[in-house]
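See below for the structure under consideration.
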Amino acid sequence: MSVVSPSSTAVTAQTERRCVSFWSLREDVLVDTSGPSGSVVLSGRWGEVRLRGAGPSVRETLRRMSLGPISLANAVAGLTADDSMHPPSGGPETEILAVLHRLQHLVVRSLSMEESDHLLMSVVPIARSARYRPVAADRCHPVRLSRFAFLRSEGQGFVLESPASLYRVVVHGPEVSWLIGMLGRPVTIDQMAASVPLSVPVISGIVAHLLATGMVVPAERPHTGEGTQGDAPAGGGAVPHFAEDQDPALLSWSAVDLFFHSRSTLGRHDADFGATYPLAQRTAPAPAVKPLPDGPRLPLARPSLTEVAASDPPLTTVVEERRTVRSFGPDRLTAAVLGEFLYRALRIRSLYESPDDSGHTESFSDRPYPSGANAYELEFYLTVRDCADVPPGTYYYAPLEHCLVRLGDGETDPTLPERLAEAQVTAGLTEPPAVVITITSRIHRLAWKYSGLPYALTLKHVGAVIQNLYLIGTAMGLASCALGSGDIELAARTTGTDWRIEPSVGGFILGTPPEPSSTSPSSPTVSS
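Put into structure tokens, the structure is as follows:
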């Protein structure tokens, strides 16, 4: 499709046209009209809908809608399309609109201009609970794009999405893109009509559909005696107010967080989700164990788990005494203590292979912490400042070999002080920590198998690992502190990884405990 600029005289000649509504079924809906007694079965993402005793007009309309957008007025002679989906009384129109009212979650509503051979936009329901409620567009009342709306490209055009909406808007024509660009701030239909070569009826039709999806929101109308800020022009006067900006249910959410939450769970989208193996035909799965990087190896001591079990405090005691400690004692960590900590918390206990649902034989590992589908995609890098028998530097922890592999230039590595300083600031420490553990994710290990879940699942795994580190650190009498954030660029430079392939997703600080007097409940350096 060629892109036409707003100043095009070819488009200007079309500005008196009006909108025409077209109706279709979602592309994944199959229509079976071969049932007895006129029954029709529609099969789609959310199961089957069976219509019994459907008349010829309904059967033919649904058949044609399954092939693409149609005008209901052309589908049945004399039909007047009622966008509200509230059927009038009498005739085949009543039957068809009653059926479409029932099938709202399967019906795609599209707009075109009169005498045009291309669509302007399509409104696609993305949830079973989607119910289209038309909104009249007041040409003098300010409207604005919702702050939760995202406009993105799929390579062939734009798609407008919002976690607050149960619809997806597919933008077919540049005319809709012009209006979306103007809707970044409060504006009226009349103001838009003064800026683009589209008629008021066309703009009103587009805006009405966007309002119905929640992608565009209207300004609040002032109460009597409160002035006219709701109808103030975009260029002056009082600033319009929008309900979503003050909605208590939305104040806690950023657009990115709400979108991430809605797309990594079920119920408010129609994207593939779960173990769909989206990359199985394109690439091999990542191995269960990451190949060892080049560098000198430092073997670590393996503790006797029998002796550990005999000397550890009870689990209830460990759980109750677990604390975040932000100050450390004068004693040094040792390689033996660090080795025991890593062995108990992060080692690979065993390896095995198993066929998966896609027909591949995949490798798996077993480790001391839980991981969905035994993916174990997390990796661990240590930035060491002060640990007896471990030279300062950055190391990769090899969980199968139970050893440290030195990365970079050791103590002279320029990223070493940067990483330590960042961890100190992030944790609110008075001095640089002895050891910082950077947690990364080989995200492909999850993305190869799952749709919608990979990043959300890896964050859940990080939480499980951090709890494991806390509990084992407490049982060993160490001082532990999880890091709430981190610089992903710095982590990539420190670990020598590509943040797109193996992003950093968490961090943890380890040290020796401070003097007993410093660890009282009132100490500001100890928190729950």
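If you count by numbering that gives the first Met the number 0, then the sequence shown holds residues 0 to 527, one letter each, in order.
Glycine included, each C-beta is placed from N, C-alpha and C at the ideal position.
Check: What are the start and end residues of the beta strand (DSSP E) that includes residue 475?
Finding: It is not in any beta strand (DSSP E) - residue 475 carries neither H nor E in the DSSP assignment.
Notebook entry, point to check: If we ignore side chains and look at the alpha-carbon of each, how far apart do residue 453 and residue 251 end up?
Noted result: About 24 Å.
Next item on the list: Please name the residue in 287, 183, 208 and 178 whose C-alpha comes closest to that of residue 108.
Entry: For residue 108, the nearest C-alpha among the options comes from 208.
Check: From this set, 389, 367, 471 and 397, which residue's C-alpha is nearest residue 380's C-alpha?
Finding: It is 397.
Next item on the list: Within the same chain, show all residues whose beta-carbon is closer than 8 Å to that of residue 36, passing over the 5 residues directly before and after it, in chain order.
Entry: Take residue 36, set aside five residues on each side of it, and the residues of its chain with a beta-carbon closer than 8 Å to its own are 51 and 52, in chain order.
Margin query: Let's test the definition: count the other Cβ atoms within 10 Å of the Cβ of residue 227 and tell me whether it reaches 16, buried, or not, exposed.
Written below: Only weak support is given to the placement of residue 227: the predicted model assigns it a pLDDT of 46, under 50, and the question is left unresolved by the model.
Note to self: Could you tell me the alpha carbon to alpha carbon distance between residue 330 and residue 375, rounded to whole angstroms?
What the structure shows: Each residue's CA atom was taken as its position, placing residue 330 and residue 375 some 33 Å apart.
Margin query: Please identify the residue among 349, 504 and 320 whose C-alpha is closest to the C-alpha of residue 458.
Written below: When each option's Cα is compared against that of residue 458, the closest is 504.
Item checked: residue 199, enclosing beta strand (DSSP E) - first and last residue -> For residue 199, no beta strand (DSSP E) encloses it; the enclosing alpha helix (DSSP H) starts and ends at 199-212.
Notebook entry, point to check: How do the region 177-197 and the region 139-153 stand: do at least 3 beta-carbon pairs fall below 8 Å, yes or no?
Noted result: They touch, by the three-pair rule.
Item checked: Cβ contact (3+ pairs, closer than 8 Å) linking the region 114-131 and the region 204-218 -> The region 114-131 is in contact with the region 204-218.
Next item on the list: In angstroms with no decimal places, state the Cα-to-Cα distance between residue 557 and residue 382.
Entry: Residue 557 is absent from the model: the chain starts at 0 and stops at 527.
Notebook entry, point to check: In terms of residue numbering, what span does the beta strand (DSSP E) encompassing residue 20 cover?
Noted result: Where residue 20 is concerned, the enclosing beta strand (DSSP E) stretches over 18-24.
Checklist line | Cβ neighbours of residue 346 in the same chain (closer than 6 Å, five flanking residues each side left out) | finding: Cβ within range, chain order: 398 and 401.
Checklist line | residue 131 in three-state terms, based on DSSP | finding: DSSP places residue 131 outside both helix and strand once states are collapsed to three, so it counts as coil.
Notebook entry, point to check: To the nearest angstrom, how far is it from the Cα of residue 99 to the Cα of residue 177?
Noted result: Straight-line Cα distance between these residues: approximately 31 Å.
Item checked: Rounded C-alpha distance that separates residue 448 from residue 299 -> Distance between the alpha carbons of residue 448 and residue 299 is about 34 Å.
Item checked: For residue 418, the first and last residue of its enclosing alpha helix (DSSP H) -> Unbroken alpha helix (DSSP H) run through residue 418: 414-426.
Check: Just how far apart, CA to CA, sit residue 41 and residue 127?
Finding: Cα to Cα, the separation comes out at about 14 Å.
Checklist line | When 451, 491 and 49 are compared against residue 275, the one with the closest alpha-carbon | finding: Among 451, 491 and 49, the Cα nearest to that of residue 275 belongs to 451.
Notebook entry, point to check: Hey, is residue 108's beta-carbon within less than 8 Å of any beta-carbon in chain B?
Noted result: Within the model displayed, chain B is absent; a lone protein chain is all it includes.
Notebook entry, point to check: Which residues in the same chain as residue 47 place their Cβ atom closer than 8 Å to its Cβ, once the five residues preceding and following it in sequence are excluded?
Noted result: Apart from sequence neighbours up to five positions away, the residues of its chain that approach residue 47 with a beta-carbon distance below 8 Å are 40 and 41, ordered along the chain.
Notebook entry, point to check: Are the beta-carbon atoms belonging to residue 482 and residue 508 less than 8 Å from one another?
Noted result: For residue 482 and residue 508, yes; Cβs fall inside 8 Å.
Notebook entry, point to check: Under the rule that 16 or more other beta-carbon atoms within 10 Å means buried, what is residue 465, buried or exposed?
Noted result: Only buried fits residue 465, as 16 or more other CB atoms lie within 10 angstroms of its CB.
Item checked: residue 275: first and last residue of the uninterrupted beta strand (DSSP E) it sits in -> Boundaries cannot be given for residue 275, as no beta strand (DSSP E) includes it and DSSP labels it neither H nor E.
Item checked: Whether residue 446 touches residue 435 by CB criterion (8 Å) -> No. Outside cutoff.
Margin query: Beta-carbon within less than 8 Å of residue 526's beta-carbon, same chain only, minus the 5 sequence neighbours each way: which residues are those?
Written below: Here the set comprises 322, 323 and 325.
Item checked: Touch test, the region 424-440 against the region 407-414, Cβ-Cβ under 8 Å, three pairs minimum -> No contact exists between the region 424-440 and the region 407-414.
Check: When burial is assigned at 16 or more other CB atoms within 10 Å of the CB, is residue 405 buried or exposed?
Finding: Buried, since its Cβ has 16 or more Cβ neighbours within 10 Å.
Next item on the list: Please specify which runs of the alpha helix (DSSP H), each continuous and at least 4 residues long, are wholly inside the region 155-190, giving them in chain order.
Entry: Taken in chain order, the unbroken stretches of alpha helix (DSSP H) that lie wholly in the region 155-190 and span 4 residues or more are 173-181.
Item checked: Stretch pair the region 253-264 + the region 150-166: three plus CB contacts closer than 8 Å -> In short, these stretches touch, since the Cβ pair count reaches three.
Notebook entry, point to check: Cβ of residue 343 within 8 Å of Cβ of residue 367?
Noted result: Contact annotation: residue 343 and residue 367 have beta-carbon atoms nearer than 8 Å.
Next item on the list: Put residue 403 into one of helix, strand or coil per three-state DSSP.
Entry: Strand, per DSSP.
Next item on the list: Hey, could you find the ends of the beta strand (DSSP E) residue 439 is sitting in?
Entry: The continuous beta strand (DSSP E) containing residue 439 extends over residues 434-440.
Check: Any chance the region 275-295 sits against the region 21-34, with 3 or more Cβ pairs inside 8 Å?
Finding: No: the two stretches stay apart, fewer than three of their Cβ pairs being nearer than 8 Å.
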